[in-house]
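Every number in my numbering is 337 more than the matching position in the sequence shown, counting from 1.
Where a beta carbon is used, it is the ideal one built from N, C-alpha and C, also for glycine.
See structure below.
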Amino acid sequence: VWVGCENSDGDYCVTKLDLDGNIQWEYTDTDLNNMVKDMVIDDVGNAYIASQNARVTQKISSSGKRQWNFDSKGSPGKDPFDLDIDSSGNTYIALDDGVQKITPDGDPDWFLDVYNDNNLANSIKVNNGYIYRRNFRKK
Numbered sequence: 338v339w340v341g342c343e344n345s346d347g348d349y350c351v352t353k354l355d356l357d358g359n360i361q362w363e364y365t366d367t368d369l370n371n372m373v374k375d376m377v378i379d380d381v382g383n384a385y386i387a388s389q390n391a392r393v394t395q396k397i398s399s400s401g402k403r404q405w406n407f408d409s410k411g412s413p414g415k416d417p418f419d420l421d422i423d424s425s426g427n428t429y430i431a432l433d434d435g436v437q438k439i440t441p442d443g444d445p446d447w448f449l450d451v452y453n454d455n456n457l458a459n460s461i462k463v464n465n466g467y468i469y470r471r472n473f474r475k476k
């Protein structure tokens, strides 16, 4: 069980619990800021965390150690809304105006600019070699 939380010090965190509710570890990082927007877990227990307000995506190992940090503040897309991973360990981030692919080592691979004044990405799924991205319309 994985939980996005705010700990007793007021820091935002991710906590891994066993099925009896016992804390296995707690990961805290000021880069998470105050909005963990999405979290995905891979087959070996690594957590991928998108923090919208901080504009970062992080990979956290199954033992609670940060593996990489992708800062989207300087990228074209900026705010991460959703993320997914493929069977090769690549991460796909739905940013507010595009899709960013991150390699398993945390390096940016490509950015697909799909900016439209009226649409923002808010959902992404990877399945059988295809990327599905859903938008919502700004009013």
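With DSSP as the reference, please indicate the residues paired to Q437 in a beta bridge. Taking the first residue of the sequence shown as 1, we reach residue 437 at position 100. Its beta-bridge partners are I430, F448.
Name the one or two DSSP bridge partners that L356 has. Sequence index remark: in the sequence shown, residue 356 carries index 19 (1-based). Paired residues: none, contrary to the question.
With H, G and I counted as helix, E and B as strand and the rest as coil, what does DSSP make of V393? Counting from one through the sequence shown, the residue named residue 393 turns up at place 56. Three-state result, V393: strand.
Please state whether DSSP places D421 in a helix, a strand or coil. Start at 1 with the first residue of the sequence shown, and residue 421 comes out as number 84. Strand at D421.
Residues near W362 in its chain [Cβ-Cβ closer than 6 Å; skip 5 each side]: Translated into positions along the sequence shown, residue 362 becomes position 25. Cβ neighbours of W362 beyond the five flanking positions: K353, G401.
Inter-residue Cα distance where the pair is N464 and D433: One-based indexing of the sequence shown puts residue 464 at position 127. One-based indexing of the sequence shown puts residue 433 at position 96. Cα-Cα distance, rounded: 21 Å.
With DSSP as the reference, please indicate the residues paired to V463 in a beta bridge. Numbered from its first residue, the sequence shown carries residue 463 at position 126. Paired residues: I468.
From N359 to V451, what distance separates their C-alpha atoms? Your numbering for residue 359 matches position 22 in the sequence shown. Your numbering for residue 451 matches position 114 in the sequence shown. Approximately 43 Å, taken between the alpha carbons.
Rounding to the nearest angstrom, what Cα-Cα distance links Y385 and T394 in this structure? Stepping through the sequence shown from its first residue, residue 385 is reached at position 48. Stepping through the sequence shown from its first residue, residue 394 is reached at position 57. Between Y385 and T394, the C-alpha separation is close to 7 Å.
Do the CB positions of N420 and I461 come within less than 8 Å of each other? Along the sequence shown, one-based indexing puts residue 420 at 83. Along the sequence shown, one-based indexing puts residue 461 at 124. First, the amino acid is wrong: residue 420 is Leu here, not Asn. Result yes, Cβ atoms of L420 and I461 sit closer than 8 Å.
N406 bridges to which residues according to DSSP? As a working note, residue 406 is residue 69 in the sequence shown. According to DSSP, which records beta bridges pairwise, N406 is partnered with Q395.
Pick helix, strand or coil for K415, following the three-state DSSP scheme. Within the sequence shown, residue 415 is the residue found at index 78, counting from 1. Reduced to three states, the DSSP call for K415 is coil.
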